[in-house]
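Chemist: Line order of the protein sequences matches chains A and B.
Quick note on the numbering used here: the first sequence kicks off at 676 and runs consecutively.
Quick note on the numbering used here: the second sequence kicks off at 287 and runs consecutively.
Glycine included, C-beta positions come from ideal geometry on N, C-alpha and C.
Below you will find the structure I want to go over with you.
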Amino acid sequence: MDYRERWELKEFLIEQRLERRVTLFHAGALLLLLSYLLAFWFLQVARGEEFARLAETNRLREIPLLPTRGVLLDRRGEIIASTRPSLRLLLRREGLVDRDEQLRRLEDVLAVPYENLLERLDQASSQPVFEPAVLKEDLSLGELAPIEARREWFPSVEFEQTARRTYPFGAIASHVLGYVGEVSERELVAQASEIPLYRGDIVGKSGIERQYDEGLRGRRGSKYVTVNSLGRQLGEGRSARAPINGGDLQLTLDLQLQRTLVEALGDEVGAGVFMDPRNGEILALASTPTYDPNIFAGKVSPEAWTAILHDPRRPLHDRAIASFYAPGSTFKVVMAIAGLETGTVSPSTTVTCNGSAKLYGRNFLCWKKGGHGTVAIEKALAHSCNVYFYSLGKSMGIEPIHEYGARFNLGSPTGIDLPGEATGVLPSDAWKRKVHGERWYPGETISVSIGQGLLAVTPVQLANAMSGVATGKLPKPHLVLGDATEPVDLDLSPEVLRIVRNALEEAVARGTGRRAALEDVVVAGKTGTAQVYKSSAGIDADELPKDERDHAWFVGYAPAEDPRIAFAVVVERGGHGGTSAAPVARQVLEVFFSNKLPRDERDSSLRTGATRYRGIEDVGTAASR
Amino acid sequence: MLGRRPLDNLDIPTLLAVLALVGLGMLAIASATVEQPGREGLWQRQLLWLAVGAMLASVVFIVDYHFWAEFSLALHGVVILLLVMVLFVGTEVGGNRSWLVAGPVRLQPSELAKWTTCLVLASYLTNRVRGSMGLRQMVEMGVLVGAPVVLIALQPDLGTALIFIPIYMAALLLGGLRWKVIVSLILAGVLLAPVVWMQLEDYQRERILTVFDESRDPSGVGYQVRQSKIAIGSGELTGKGLFQGTQSRLNFLPAQHTDFVLAVLAEELGFLGAFAVLGLFYYLILRAVVAGRSSQDRLGTYICLLVAAWITGQAAINIGMVLGLLPTIGVPLPFLSYGGSALVAAACGVALILNVRGRRFVNV
């Protein structure tokens, strides 16, 4: 093989090798592209639907459509709670120029310190930049006008419409209506209601607002909007689900009576319950001091919270249903019925009252120092003779007292449709063994006989019991019109009821309850004093310092011959029921029985506010951006 | 050297395949930038770049490839000088100092380097490699490739630097590197991987780990890969229709008109669109192989195959990244991604293939 041949052979071998390597490259590239094609097939065809769904959820964001909370009306159709539109002031953070200048100008207009505005702006910095910062909730017209007038001074300011609960009559019915607020962390976790709760939802926190929250709140709807990768909304989306607005609720409350009751209680600490004895409809229910539920409608300032929570008079507490007091002499009504029904005494059985009685080695006083002389049951009840009832209690023992008290539902919740009703105490031997672990001593019956000792009842229990006395049937107190249930027959003899009713009429006409008497209407009633200090028994209440005085009761019904209203009023530290509680009841009864008073004299601006906004249907949708 | 014969032998199918890829790219760029303020006209600028590319490619095509090969070392040297210049007077774009700006002319020397590297390696393989390849040849070619790679890596544009590796590997393969050497190199690479791993920056390691677990970094790199996969997958078989891709138009997709442009096409044209792009790339590779096989000499074969390796390698890295099979590296898809220099360079690369194909008959 010569050089040329060798060279040609070598060239041939190189060519051949190159040929093979080109084929190898070709095959490698083809294999690579085929495997990529397989990967595309896997993503787009095998898992295509899955990714298509992911792209949809990427693209579409669900935005809630908020329902409008139901309106609360009184029995005449007056709006006492509604939702009104409210403006909030926003600051656009995108393209924000002259930040400090704008904030300084807002400081002047809103009277909010610059530092606070800046702080609110900073709080928003964790959100996407196109979400504006909320600088002020519930803007007033006086704040809006100067901004609108000098729009060029506030280039980044925007307004957004939101919904806000409003109570046009302020503090008048706060304990019945309750208030609303943002759902709490605990409520969110619990999800107790059937309608799911979401962060930021406004829910009822107390009163009717809480009791009927589910019906009033309504149900959120939602719509889907297209968003880009930053979450910015790009246009109106399709509506997925319309919100279901909350239902309106008409209450049994009579706003006129309610207002009269609150005004009659005035600065006193106390409570009053007025109801229709025939069906249990609550006409007025108040606890003083009251509070303005409007302050809870938006974001509550910490100062306002502290002030209310630390007020020693506990304005948020509903004394009408959640405070219990000894019923005092008002309990003698139950005692008399028990005594007559059990046959322990007859209408003519007499007891002589000398102003005191020695029982079980102890001296028990009558409130009247000279004594009532010889009295039978009707007079003893009308004039509230303690000695008669000591004697009756001693002969009867605790069990019949418990039985008849229970028949009037004392010492147990009435079932009124408000949250937080207290139970109270109606003692018995069984109760004492259970709670205190010892037997009932007969001596304890003596103080129970005049409504003191371990007895504890709520104003609504007593008002309901008075309904029972007035009609012979015990209704169920309730606040929603149309929710009446058939009253339970107390199974009392008409003769017994007649005697007791006569005594109650006498008590108002000539006895301890004279200050509740009306000109044209016969009122039946009974005063009572819940003893606070044992030592104060027998001491003239008016001579005691105010904070040592007893609580004053006045309970009853009217008109005596055909009862249409039954009531219980308690005034804490009021001393004798006759002097402080009876006048409160009289004022309400006067209004109830008088058609001469103007229908209403409430603040007209608030009222038009309430009705005007009621017509705006889409208030609830304002939260969408 | 100049003559009418090459023009008569212009490989029209190759040209059409390239134009089809550029056309698809411009559609995707237009779609991806509709909702991006200030970028609406990018596809038109890409058209302008295509014209520039066509002009330069014509020059590359008309001048005989032997002439280019002869001066390849000088050209390569000039480009390396430019790469050095870029490090000192370059303009920084997106964290990489890779641009030379002189008045209206903006130049990315790293793109030019791919072109000269192919030429210089082909020329080296033709003249210096006889018989099988030895260590000396490997090292010398390594220096020729390594110079631009190191300079580009210093910019630091690791993605572009990476493209040179498939070119170098193709050169070794074609140059006849013995199999036992190839196998030992692969083994060495596997053994060296942990060492390289230790040398990587944290963010680079993160990108590699994301390939195996895309939930690692849901808002960072993992987010990009995930959005790209959602875009591709949601295109399903036939796509959402041109200009209907929600992922790209609503900006969920990152770099949708540059590195992730294929995801836009896959979303809007579906599997069929992806198939078309892969098919066109394969056709281009096939034409390069055909041109290489039919070339009048080995130089032509080497040029065609090295350019093919460049385009295949770059496409493979880009598509692997878009599919989430490879770490996220900033590498554009040849012909489709927006970017002037890359388009011009790739066009000049294809012009070399056409050049070789046009001169396959020795007796011109």
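Closer than 8 Å, CB to CB, is residue 856 of chain A near chain B or not?
Modeler: Taking the first sequence and counting its residues from 1, the one referred to as residue 856 of chain A is at position 181. By this cut-off, residue 856 of chain A is not an interface position.
Chemist: 8 Å is my cut-off, CB to CB: does residue 920 of chain A come that close to chain B?
Modeler: As a working note, residue 920 of chain A is residue 245 in the first sequence. Output row for residue 920 of chain A: interface = no.
Chemist: Between residue 706 of chain A and chain B, is there a C-beta pair that is closer than 8 Å?
Modeler: If you number the first sequence from 1, residue 706 of chain A lands on position 31. For residue 706 of chain A, the answer is no, since every Cβ of chain B falls outside 8 Å of its Cβ.
Chemist: Flag this pair as touching only if the segment 515-529 of chain B and the segment 298-312 of chain B have three or more C-beta atom pairs under 8 Å; answer yes or no.
Modeler: The answer is no - the segment 298-312 of chain B does not touch the segment 515-529 of chain B, with fewer than three Cβ pairs under 8 Å.
Chemist: What in chain B is Cβ-close to residue 696 of chain A, meaning under 8 Å?
Modeler: Position 21 of the first sequence, counted from the start, is the residue given in the question as residue 696 of chain A. The answer, in chain order, is 459, 460, 462.
Chemist: When the Cα atoms are used, what is the spatial distance from residue 1201 of chain A to residue 816 of chain A?
Modeler: In the first sequence, the residue the question calls residue 1201 of chain A occupies position 526. In the first sequence, the residue the question calls residue 816 of chain A occupies position 141. If I take the Cα positions, the gap works out to 52 Å.
Chemist: Where does residue 1271 of chain A sit, in a helix, a strand or coil, going by DSSP?
Modeler: Sequence index remark: in the first sequence, residue 1271 of chain A carries index 596 (1-based). Annotation note: pLDDT 41 at residue 1271 of chain A (below 50); position unreliable, coordinate value reported separately. Correct three-state label for residue 1271 of chain A: coil.
Chemist: Grab the span of the beta strand (DSSP E) containing residue 1229 of chain A for me, first residue to last.
Modeler: If you number the first sequence from 1, residue 1229 of chain A lands on position 554. Taken as a continuous stretch (DSSP letters only), the beta strand (DSSP E) holding residue 1229 of chain A covers 1226-1233.
Chemist: For residue 578 of chain B, return the contacting residues in chain A, with the cut-off set at a CB-CB distance below 7 Å.
Modeler: For the purposes of this step, residue 578 of chain B is taken as residue 292 along the second sequence, with counting starting at 1. Residues of chain A passing the Cβ test: 697.
Chemist: Do residue 945 of chain A and residue 1245 of chain A have their beta-carbon atoms positioned less than 8 Å apart in this structure?
Modeler: Position 570 of the first sequence holds residue 1245 of chain A. Position 270 of the first sequence holds residue 945 of chain A. Their beta carbons are under 8 Å apart, which means residue 1245 of chain A touches residue 945 of chain A by this criterion.
Chemist: Is the Cβ-Cβ distance between residue 522 of chain B and residue 720 of chain A less than 8 Å?
Modeler: Taking the first residue of the second sequence as 1, we reach residue 522 of chain B at position 236. Taking the first residue of the first sequence as 1, we reach residue 720 of chain A at position 45. Their beta carbons are under 8 Å apart, which means residue 522 of chain B touches residue 720 of chain A by this criterion.
Chemist: State the start and end residues of the unbroken alpha helix (DSSP H) segment that holds residue 632 of chain B.
Modeler: The residue you call residue 632 of chain B lines up with position 346 of the second sequence. Segment 626-644, the alpha helix (DSSP H) holding residue 632 of chain B.
Chemist: For residue 602 of chain B and chain E, any beta-carbon pair shorter than 8 Å?
Modeler: The structure shown contains no chain E; its protein chains are A and B.
Chemist: How is residue 1000 of chain A classed by DSSP in three states: helix, strand or coil?
Modeler: To locate residue 1000 of chain A, count along the first sequence from 1; it is residue 325. Residue 1000 of chain A falls in the strand class under three-state DSSP.
Chemist: Which residues, in chain order, does the segment 730-744 of chain A contribute to contact with chain B at a C-beta distance below 7 Å?
Modeler: The segment 730-744 of chain A vs chain B, Cβ under 7 Å: 730, 733, 734.
Chemist: Would DSSP call residue 767 of chain A helix, strand or coil?
Modeler: Position 92 of the first sequence holds residue 767 of chain A. Coil, per DSSP.
Chemist: Does residue 743 of chain A pass the burial test, meaning 16 or more other C-beta atoms within 10 Å, or should it be called exposed?
Modeler: Translated into positions along the first sequence, residue 743 of chain A becomes position 68. So residue 743 of chain A ends up on the buried side.
Chemist: With residue 739 of chain A as the anchor, note down where its alpha helix (DSSP H) starts and where it stops.
Modeler: As a first step, residue 739 of chain A must be located in the first sequence, where it is residue number 64. No alpha helix (DSSP H) holds residue 739 of chain A; the beta strand (DSSP E) holding it covers 735-740.
Chemist: Across the segment 1030-1039 of chain A and the segment 1157-1172 of chain A, are there enough close Cβ pairs to call them in contact, namely three or more that are closer than 8 Å?
Modeler: Flag = no, the segment 1030-1039 of chain A and the segment 1157-1172 of chain A do not touch.
Chemist: For chain A, is any of its Cβ atoms less than 8 Å away from the one on residue 638 of chain B?
Modeler: Indexing the second sequence from 1 puts residue 638 of chain B at position 352. Residue 638 of chain B does not count as touching chain A.
Chemist: Cβ closer than 8 Å: which chain B residues qualify as neighbours of residue 719 of chain A?
Modeler: As a first step, residue 719 of chain A is located in the first sequence; it is residue number 44 there, counting from the start. Per Cβ cutoff of 8 Å: 518, 519, 521, 522, 523, 552, 556, 557, 560.
Chemist: Here's the rule I'm using: 16 or more other beta-carbon atoms within 10 Å means buried, otherwise exposed. How should residue 1038 of chain A be labelled?
Modeler: For this step, residue 1038 of chain A is matched to residue 363 along the first sequence. Under this definition residue 1038 of chain A is an exposed residue.
Chemist: With a 10 Å radius around its C-beta and 16 neighbouring C-beta atoms as the bar for buried, classify residue 1102 of chain A as buried or exposed.
Modeler: Here residue 1102 of chain A is taken as the residue at index 427 of the first sequence, counted from 1. When all chains shown are included, residue 1102 of chain A counts as buried.
Chemist: Find the nearest neighbour of residue 315 of chain B within the set B:468, B:413, B:534, judged by alpha-carbon distance.
Modeler: Here residue 315 of chain B is taken as the residue at index 29 of the second sequence, counted from 1. Looking at the Cα atoms, B:534 is the closest of the given residues.
Chemist: Using a 10 Å radius around the Cβ and a threshold of 16 neighbouring Cβ atoms, would you call residue 481 of chain B buried or exposed?
Modeler: On the second sequence, position 195 is the one that residue 481 of chain B refers to. Label assigned to residue 481 of chain B: exposed.
Chemist: Assuming residue 438 of chain B contacts residue 446 of chain B under a Cβ cut-off of 8 Å, what Cβ separation, rounded to an integer in Å, is found between them?
Modeler: Your numbering for residue 438 of chain B matches position 152 in the second sequence. Your numbering for residue 446 of chain B matches position 160 in the second sequence. That belief holds up - the Cβ atoms of residue 438 of chain B and residue 446 of chain B are roughly 5 Å apart, short of 8 Å.
Chemist: Report the three-state DSSP secondary structure of residue 1024 of chain A (helix, strand or coil).
Modeler: As a position in the first sequence, residue 1024 of chain A is number 349, starting the count at 1. Residue 1024 of chain A falls in the coil class under three-state DSSP.
Chemist: Please list the segments of the alpha helix (DSSP H) lying wholly inside the segment 448-503 of chain B, counting only runs of 4 or more residues, in order along the chain.
Modeler: Fully enclosed alpha helix (DSSP H) runs of 4 or longer: 465-485, 488-498.
Chemist: Just list the residues that DSSP pairs residue 1201 of chain A with in beta bridges.
Modeler: Here residue 1201 of chain A corresponds to residue number 526 of the first sequence, with the count starting at 1. Beta-bridge pairing links residue 1201 of chain A to A:1230.
Chemist: I'd like the ranges of any alpha helix (DSSP H) spanning at least 4 consecutive residues and lying wholly in the segment 371-412 of chain B.
Modeler: The qualifying runs do not exist here; there are none.
Chemist: Give me the Cα-Cα distance between residue 873 of chain A and residue 1160 of chain A, rounded to the nearest whole angstrom.
Modeler: Within the first sequence, the letter at position 198 stands for residue 873 of chain A. Within the first sequence, the letter at position 485 stands for residue 1160 of chain A. Residue 873 of chain A and residue 1160 of chain A: Cα-Cα distance of roughly 35 Å.
Chemist: I want to see whether chain B comes within less than 8 Å of residue 723 of chain A, judged by CB atoms only; does it?
Modeler: One-based indexing of the first sequence puts residue 723 of chain A at position 48. By this cut-off, residue 723 of chain A is an interface position.
Chemist: Measuring only the C-alpha atoms, how far is residue 511 of chain B from residue 609 of chain B?
Modeler: Within the second sequence, residue 511 of chain B is the residue found at index 225, counting from 1. Within the second sequence, residue 609 of chain B is the residue found at index 323, counting from 1. For residue 511 of chain B and residue 609 of chain B, the distance between alpha carbons rounds to 8 Å.
Chemist: Would you tell me roughly how many angstroms separate the C-alpha atoms of residue 673 of chain A and residue 850 of chain A, rounded to the nearest one?
Modeler: Since the first residue of chain A shown is 676 and the last is 1300, residue 673 of chain A is not available in this structure.
Chemist: If the criterion is Cβ atoms closer than 8 Å, does the pair residue 1175 of chain A and residue 1011 of chain A meet it?
Modeler: For this step, residue 1175 of chain A is matched to residue 500 along the first sequence. For this step, residue 1011 of chain A is matched to residue 336 along the first sequence. In contact: residue 1175 of chain A and residue 1011 of chain A (Cβ atoms closer than 8 Å).
Chemist: Between residue 647 of chain B and chain A, is the shortest Cβ-Cβ distance under 8 Å, so that the two count as touching?
Modeler: Position 361 of the second sequence, counting from 1, holds the residue named residue 647 of chain B. So no, residue 647 of chain B is outside the interface.
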